[in-house]
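Structure (structure tokens):
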């Protein structure tokens with residue numbers, strides 16, 4: 033007869049050359065920020081505050097990427113059932129939630145001097161907040177479930193549904209703002225800023241990849257230790 | 060023992076049986092529905108205090124208040140729909156009948172649609188009275204918007220409740236998971252209702268309605284596909 | 003419909019193990035039940051007999067090992083397995099606000115069978131006088147009998163029983179035994195989890211004892227059975243048996 037329902041052994045991913053990648057990423061990020069700040073002139077309306085755009089916009093792009101990763105890994109987990117997919121999805125969600133939290137704070141930092149208020153119901157900010165709450169729900173669900181198989185299955189389902197909703201939330205909040213035309217949101221981007229922005233997109237993406245990888249390694253190590261303990265308990269006694 | 064019979068017929072038979080069973084047990088359980096409706100109306104009244112007493116302000120806020128009242132009251136209904144099985148351990152026998160698991164979800168979904176649909180009608184009527192909203196000319200379209208919004212709400216509510224009702228902190232977990240996911244539905248339903256009631260740009264309501272339809276189709280499909288993974292675990 | 007060939011086990015488990023969180027409940031159980039057998043599953047409380055039964059019933063997935071019913075793997079061909087088994091759980095799992103008859107009607111709809119047998123089944127489990135009453139008012143024994151009726155609706159070949167005798171009076175026990183022995187006819191089989199042998203006396207072909215998450219060796223098992231039957235006193239520390 034054939035294979036067990038779930039594996040008792042997992043491969044802990046080795047750190048390998050990832051730490052080197054981490055240092056490179058950090059260096060690149062510093063460079064990217066310097067480049068963007070040094071090469072772009074002050075915006076006529078926002079002055080030097082415009083620089084924060086280089087953190088704020090890429091960070092919300094990272095949110096979309098991490099949701100996409102949660103989507104893919106959740107589907108893979110539902111299909112194949114390997115623990116590693118579940119932990120990759122969870123790691124992506126954690127990193128994503130952190131980035132989104134950062135984005136919101138940055139948005140508020142940018143908003144106070146610009147509009148005099150900590151919060152505006154700006155389309156991007158609002159969508160980001162809603163999607164942050166979706167991440168929080170995902171992480172809360174995982175925190176409430178102890179049984180690993182149930183945790184994996186349930187959070188995968190929630191992750192897939194949440195990820196599907198990302199474009200829909202984005203669109204609906206934007207319609208809510210633009211159809212009413214209450215406050216114009218600064219959308220236009222002068223070409224002179226574009227290079228700085230693109231470089232920062234790349235830098236942030238690399239950072240996110242690095243963080244997810246390290247988080248995943250940590251999670252897998254913990255899981256392997258747990259399983260080893262249990263295999264020992266199985267064989268003994 | 061295998062008999063040659065249509066799979067579709069099998070599915071429908073199971074769906075119908077479960078929907079009937081849910082509705083019958085709910086009807087006989089005394090006061091479940093009444094309690095939820097009373098809660099919905101109470102919430103409307105509280106909104107009246109929060110937003111009023113200026114009549115125009117209330118009229119403007121009516122669609123929003125109405126949907127939130129249905130949402131908060133409806134959350135109770137969703138967890139309840141699994142309570143019947145959880146209380147008596149009837150979930151295991153239910154899972155043991157051979158057949159597609161998603162039909163269990165469809166059956167519960169249909170029962171909840173009826174429950175929340177009735178809740179919605181009553182709350183709408185109460186809301187129109189409390190907030191002095193006149194019957195709009197475009198009332199058939201308003202009904203369509205209400206129906207489409209209800210489908211989105213009930214679909215995701217029934218789905219997340221299948222998990223929340225079986226976990227710790229179920230009262231907080233269901234809203235926490237459900238509410239952010241419903242933002243598009245709530246926005247669409249509220250804005251479309253507002254546009255239609257105010258006899259504003261029909262175009263605007265049209266766009267929202269298209270979005271509601273897309274949302275409903277996407278999530279009805281996604282939840283049915285995901286249900287099997289969630290009910291077994 | 004294909005009848006099982008002689009060499010396919012009705013129930014087969016190979017090294018089946020199950021972990022809940024950090025604790026292993028079963029650590030590798032292998033057992034085989036041939037068509038026509040009625041096997042008893044014994045062990046102390048919490049030893050995993052119910053867990054084993056539930057894995058065979060496809061309600062739980064094994065953490066390790068595998069199991070099959072008439073050759074159909076419980077994980078890979080779960081739906082096919084469900085067509086072949088009936089499971090009588092320790093909790094009846096009935097709908098309190100439906101009547102006895104309505105509970106069976108619902109089950110019949112879910113199974114896909116007709117409703118013709120329902121009245122006869124109600125008669126057989128001795129609930130005709132309360133067929134239209136809500137299960138909420140039933141005693142534990144009546145609920146178990148109704149659950150038994152629901153089990154018979156499935157017409158399954160392999161029947162799994164989890165402590166079926168609790169709350170049953172003498173008539174109930176007799177009814178249960180007749181149904182269990184019927185299951186074993188025509189190539190069917192039954193696996194019965196018990197905590198005492200007395201009600202099933204004469205019914206079982208053999209017993210399997212679970213201890214420490216594994217199948218206990220036959221000698222120990224025999225002693226355990228004898229203990230349960232009250233024929234011997236406690237087994238002393240040196241292994242000496244004290245006869246009561």
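Chains as they are written, first to last, in the working numbering: chain A, 33 to 269; chain B, 60 to 292; chain C, 3 to 246.
Heads up, the beta-carbon is just placed ideally off N, CA and C, and yes, glycines get one too.
Burial state of residue 257 of chain A is exposed, judged by a 10 Å Cβ sphere holding fewer than 16 other Cβ atoms. Counting the other CB atoms within 10 Å of its CB gives residue 46 of chain A a total below 16, which places it among the exposed residues. Looking at the DSSP output, residue 163 of chain C bridges to C:90, C:194. For the beta strand (DSSP E) assignment, the uninterrupted runs of no fewer than 3 residues enclosed by the region 70 to 123 of chain C are, from N- to C-terminal side, 87 to 90.
Between residue 170 of chain A and residue 53 of chain C, the alpha-carbon positions lie close to 30 Å from each other. At the C-beta level, residue 96 of chain C and residue 41 of chain C stay beyond 8 Å of one another. DSSP lists C:19 as the bridge partner or partners of residue 29 of chain C.
According to the DSSP assignment, residue 65 of chain C belongs to no beta strand (DSSP E), since it is labelled neither H nor E. Look at residue 70 of chain B here: in three-state DSSP terms it is helix. Between the alpha carbons of residue 149 of chain A and residue 233 of chain A lies a distance of about 27 Å.
Going by DSSP, residue 71 of chain A is part of the alpha helix (DSSP H) stretching over 50 to 71. For residue 192 of chain A against residue 103 of chain A, the beta-carbon gap comes to about 6 Å, under 8 Å, which counts as contact. Not a single CB atom of chain C sits nearer than 8 Å to the CB of residue 129 of chain A. The beta-carbon of residue 231 of chain A is placed no less than 8 Å from the nearest beta-carbon of chain B. If you compare the alpha carbons of A:262, A:189, A:236 with that of residue 118 of chain A, the shortest gap goes to A:189. Leaving aside the five residues that flank residue 143 of chain A on each side, the residues in its chain whose CB is nearer than 8 Å to its CB run, in chain order, 149, 150, 151, 152, 154, 157. Proximity of residue 262 of chain A to chain C, defined by a Cβ-Cβ separation below 8 Å, is satisfied.
DSSP links residue 44 of chain C through a beta bridge to C:211.
Under the DSSP definition of a beta bridge, residue 14 of chain C partners with C:34, C:70. Against residue 93 of chain C, the close residues of chain B are 147, 148, 149, 151, in the order they occur along the chain (beta-carbon pairs closer than 9 Å). Here the region 238 to 250 of chain A makes contact with the region 56 to 63 of chain A; the two share three or more CB pairs at distances below 8 Å. In the structure shown, residue 225 of chain B falls within a coil segment according to DSSP collapsed to helix, strand and coil. Scanning B:129, B:133, B:161 for the CA closest to the CA of residue 69 of chain B turns up B:161. Scanning its chain for C-beta atoms nearer than 7 Å, with the 5 sequence neighbours on each side dropped, one finds around residue 123 of chain A the residues 244, 247, 248, 251, in chain order. Look at residue 21 of chain C: its C-beta is under 8 Å from a C-beta on chain A.
Non-local C-beta neighbours of residue 74 of chain C in its own chain, meaning closer than 6 Å and more than five positions away in sequence, comprise 82, 83, ordered along the chain. Using a 10 angstroms sphere on the CB of residue 137 of chain A, the tally of other CB atoms stays under 16, which defines it as exposed. Taking 8 Å as the threshold, the shortest C-beta distance from residue 76 of chain B to chain C falls below it.
By the CB criterion at 8 Å, residue 208 of chain B and residue 183 of chain B fall outside the cutoff. Boundaries for residue 43 of chain A: no alpha helix (DSSP H) harbours it, and the DSSP string shows neither H nor E there. Counting the other Cβ atoms within 10 Å of the Cβ of residue 77 of chain B gives 16 or more, which makes it buried.
Secondary structure note for residue 114 of chain A: it is in no alpha helix (DSSP H), with a DSSP letter that is neither H nor E. Under the DSSP definition of a beta bridge, residue 217 of chain C partners with C:212. Beta-bridge partners of residue 136 of chain C (DSSP): C:101. Contact annotation: the region 185 to 193 of chain B does not touch the region 104 to 120 of chain C, with fewer than three C-beta pairs closer than 8 Å. By the beta-carbon neighbour count (other beta carbons within 10 angstroms, threshold 16), residue 22 of chain C is exposed.
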